[in-house]
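Report on the following structure.
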């Protein structure tokens, strides 16, 4: 059958204005940092240098804490309704400037504009709207007495959904009456810097939102600061363990949203075509840079061949390329470092004996790219079946009985998310009860909402973000 | 010369067991000496094996059943209140204080018994997501919980260190130090109750001797510390816990819904709506 190819449809990047160099945002304004160290943030799709950002040091964190202390004095005197108004205004402003944010996100992080425009930004605004409304209802949020904010909260966020993770962290923290020091990921700081401008625009009291850009050393200084009473982190399990260890000597609050190796279970009575779509979305959404990605396809043996053949055909239609092209399904891998990690694990999968399928597509000459990849004939002991790859790589495992599916799905240190595909309602509920995971998608995958709690079991971390349960991450019980 | 009143044993997996080390320590009350087990590393490990089995069994019971089991335990404690009263008085409490403490303990049992089939209605909810999805968050218990009792000579405090996690469906390894007679005595009522073997295990000893063994054990899912610990002990616990991201809760609340919150995980399930 003859098909027409897509015509390019490039979103203009003229809408964004990127400074050559950025300082840090304290006391309600951009300031030159104490640190004279800078790092270059590049576009992973072109390797073009976009800007230089400050690598905040210990002195900068000290200044941020001073700023936050002043901010807390003002913020804690406001009523919940007054706090709500600031958050509602921020939500509105994000909506108004969402195209600008979306382009910036795709430029700096490499994700398809289709996703930054239609997923990330609407969700960001929704998070601020949702938590704005909680600010003056905390006393009726839980059947408990004396819930109080922690005070100064340190937040460290990853590079996969930069502004969305900012909204997951900042909106509930401010709604509950805390003030924030945020450290964005070193490879994707630009949308957080633009968000700081919005805070100025809405007149958020100085010191309520503080931003210190940097790398791991900046994050460590934030984690170690004795005046921070709560740390919220999203990132790898290894760093999460480091933070729990590093803060062991202090009585502080801690929530950790860490890695995952989600099983996407497909029973033989599933709606196969829908399941194929769901499995593709589950692993290839955002280049597979998703902690809850459905990276293990757990497939009932008798539908294996049919399913895999449909899956490969569907994968072949995924368009890999320029993130700013509105037709692009899969953008650039976020960094050279991440690309190397993905390549290493995929090579391990091949040498361990897995059968590899990769789509045929031309990859751009510059930038970091990885073809959508499927492994079949894999064993549960393989690295590709155990370790989080955080890339567009799906590993297939098979089962015969539902009990076996549960054993395979739970056979991991992680417990963030899982998927179930079957047309039988009672089987969904039976399976969901037995899966050790914080989020379970049945006949769907990778759905998110500000009102829906997100977070893991086991070594995927502790605490929830989103929903009424997300409030408890930023409130302590005053005994 | 005081007489040795009784040699107590730990209570693990529904059985009274000596410490495998054979070691005991002596607790001196007003008129009596008691010999109680000095729990060793191996004893902790055995307790975890028992608690894992107990967790599975305790989980199988419906919330309604759990309520009845805990209520039955309150009836038995009430029936034996004279024994507890005697221990408390030997520990130095006045008759009226001891009496009040036992009354409080029974009230705690009744409160948590009635909570076993209700807490999930207060912690879970439907989430109003923007789209055609059914989305519900409900809660599950964490698993095996190690609880460290306070140093108080209080039967109520002992129960308040056990009941919040037990009520959510966790299995519990309860550890007491120099006040362990009360806990070891409670084991007799637990044994006569309908609690599945291993759902509630009682150990006695010196916590500082097993602090590493407990906090390093990857099959203990959470530790709840009701006792006042030194900063350095808290640091050791949290450092060890970080190797497996064990949940640590220091001085948790002992009343209200908030007392249960440290022992549950939230599970959120999505399903599309359609025709």
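Residue numbers (our numbering), protein chains in the order written: chain X, 5 to 483; chain Z, 36 to 310. Idealized CB from N, CA, C, for every residue including glycine.
What number of angstroms, rounded off, separates the C-alpha of residue i from the C-alpha of residue j?
| i | j | result |
| --- | --- | --- |
| residue 481/X | residue 271/X | 43 angstroms |
| residue 126/X | residue 164/X | 16 angstroms |
| residue 118/Z | residue 477/X | 43 angstroms |
| residue 122/X | residue 408/X | 38 angstroms |
| residue 173/X | residue 434/X | 33 angstroms |
| residue 133/X | residue 142/X | 15 angstroms |
| residue 290/X | residue 114/X | 9 angstroms |
| residue 348/X | residue 339/X | 14 angstroms |
| residue 163/Z | residue 452/X | 12 angstroms |
| residue 177/X | residue 330/X | 34 angstroms |
| residue 276/X | residue 46/Z | 52 angstroms |
| residue 70/Z | residue 381/X | 60 angstroms |
| residue 243/X | residue 264/X | 14 angstroms |
| residue 56/Z | residue 223/Z | 23 angstroms |
| residue 169/X | residue 216/X | 16 angstroms |
| residue 166/X | residue 102/X | 14 angstroms |
| residue 438/X | residue 446/X | 13 angstroms |
| residue 136/Z | residue 386/X | 57 angstroms |
| residue 94/X | residue 66/X | 27 angstroms |
| residue 194/Z | residue 253/Z | 25 angstroms |
| residue 4/X | residue 101/Z | This structure gives no information on residue 4/X, because the portion of chain X shown stretches from 5 to 483. |
| residue 133/Z | residue 121/Z | 8 angstroms |
| residue 402/X | residue 410/X | 11 angstroms |
| residue 323/X | residue 375/X | 10 angstroms |
| residue 383/X | residue 352/X | 13 angstroms |
| residue 253/X | residue 247/X | 11 angstroms |
Who pairs with residue i in a beta bridge, going by DSSP?
| i | result |
| --- | --- |
| residue 170/Z | 305/Z |
| residue 69/Z | 41/Z, 62/Z |
| residue 257/X | 234/X |
| residue 282/Z | 257/Z |
| residue 25/X | 56/X |
| residue 337/X | According to DSSP, which records beta bridges pairwise, residue 337/X is partnered with nothing at all. |
| residue 35/X | 28/X |
| residue 329/X | 14/X |
So residue i is in the beta strand (DSSP E); what residue range does that whole segment cover?
| i | result |
| --- | --- |
| residue 183/Z | 179-183 |
| residue 484/X | Residue coverage of chain X in this structure runs from 5 to 483, which leaves residue 484/X outside it and unanswerable. |
| residue 144/X | Premise fails: residue 144/X is in no beta strand (DSSP E) and is neither H nor E. |
| residue 153/X | 151-153 |
| residue 158/X | 156-160 |
| residue 380/X | 377-380 |
| residue 445/X | 443-446 |
| residue 52/Z | 50-52 |
The alpha helix (DSSP H) spanning residue i covers which residue range?
| i | result |
| --- | --- |
| residue 118/Z | 116-125 |
| residue 147/Z | 130-150 |
| residue 246/X | 241-250 |
| residue 184/X | Segment 183-187 is the beta strand (DSSP E) holding residue 184/X; no alpha helix (DSSP H) there. |
| residue 276/Z | 266-276 |
| residue 476/X | Premise fails: residue 476/X is in no alpha helix (DSSP H) and is neither H nor E. |
| residue 94/Z | 76-95 |
| residue 361/X | Where residue 361/X is concerned, there is no enclosing alpha helix (DSSP H), although the beta strand (DSSP E) it sits in stretches over 359-362. |
| residue 320/X | 308-320 |
| residue 462/X | Segment: none, residue 462/X is in no alpha helix (DSSP H) and carries neither H nor E. |
| residue 171/X | 166-179 |
| residue 8/X | Looking at the DSSP string, residue 8/X is not in any alpha helix (DSSP H), and its letter there is neither H nor E. |
Find the residues of chain B that neighbour residue i, judging by a C-beta separation of less than 8 angstroms, and give them in chain order.
| i | result |
| --- | --- |
| residue 301/Z | Looking at the structure shown, chain B is missing, and the protein chains on hand are X and Z. |
Cβ of residue i within 6 angstroms of any heavy atom in the ligand SAH?
| i | result |
| --- | --- |
| residue 269/X | Inclusion of the ligand SAH in the displayed structure is not the case, the ligand content being empty and no account of it being possible. |
Report the start-end ranges of each alpha helix (DSSP H) in the stretch 210-250 of chain Z that is 4 residues or longer and not cut off at the edges.
215-227
Output, in sequence order along the chain, the residues in the stretch 250-268 of chain X whose CB is closer than 8 angstroms to any CB in chain Z.
Within the stretch 250-268 of chain X, the qualifying residues are 251, 252, 253, 255, 260, 262.
Which ranges does the alpha helix (DSSP H) cover as unbroken runs of at least 4 residues, wholly within the stretch 388-434 of chain X, from first to last along the chain?
406-414
Whole beta strand (DSSP E) runs in the stretch 39-115 of chain X with 3 or more residues, listed along the chain?
Residue ranges of uninterrupted beta strand (DSSP E) with 3 or more members, entirely inside the stretch 39-115 of chain X and ordered along the chain, are 42-46, 53-58.
Residues in the stretch 466-482 of chain X with C-beta within 9 angstroms of chain Z's C-beta atoms, listed in sequence order?
466, 468, 470, 471, 472, 473, 476, 481
Residue ranges of each alpha helix (DSSP H) run of no fewer than 4 residues wholly in the stretch 194-223 of chain X, ordered along the chain?
If we require 4 residues or more, the alpha helix (DSSP H) runs fully inside the stretch 194-223 of chain X come out as 194-205.
Closer than 8 angstroms between beta carbons: that is the criterion. Which residues of the stretch 161-177 of chain Z meet it against chain X?
162, 163, 164, 165, 166, 168, 170, 172
Residues of the stretch 454-466 of chain X with Cβ closer than 9 angstroms to any Cβ of chain Z, in chain order
Residues passing the 9 angstroms Cβ filter: 454, 455, 456, 457, 458, 459, 460, 461, 462, 463, 464, 465, 466.
Restricting to runs no shorter than 4 residues, where is the alpha helix (DSSP H) found entirely within the stretch 268-299 of chain X?
276-288
Between the stretch 261-273 of chain Z and chain X, which residues of the former have a C-beta closer than 7 angstroms to a C-beta of the latter?
266, 270, 273
Where the stretch 127-155 of chain X meets chain Z: residues whose CB sits under 8 angstroms from a CB there:
130, 146, 147, 148, 149
Proximal residues, the stretch 229-248 of chain X versus chain Z, C-beta separation under 9 angstroms
241, 244, 245, 246, 247, 248
Any C-beta of chain X within less than 9 angstroms: which residues of the stretch 228-257 of chain Z qualify?
256
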